[in-house]
Amino acid sequence: MPKPDKQLSSKKPATALATYILIAFIVAVLVLFFATRKHESGQTTAIEQTK
1 MPKPDKQLSS KKPATALATY ILIAFIVAVL VLFFATRKHE SGQTTAIEQT
51 K
């Protein structure tokens, strides 16, 4: 039964990749949230410094 084994082994990297993408997305949202929050409080953000 090599076919079910291949399917299981192919799902593991896909699940790990999806987990990494989800974590990266959450981190990006948090970074944008804090950058926007600092901007509203009047502090200069790294985004403004690069302009």
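The sequence shown: position 28 = 28 (the UniProt record's numbering), numbered continuously. For each residue, glycine too, the CB sits at the ideal point set by N, CA and C.
Can you check whether the C-beta of residue i is within less than 9 Å of a C-beta belonging to chain D?
{"i": "Lys12", "result": "Absence of chain D from the displayed structure is noted, only one protein chain being present."}
Between the alpha carbons of residue i and residue j, how many angstroms are there, rounded?
{"i": "Val27", "j": "Leu17", "result": "15 Å"}
{"i": "Pro13", "j": "Leu32", "result": "28 Å"}
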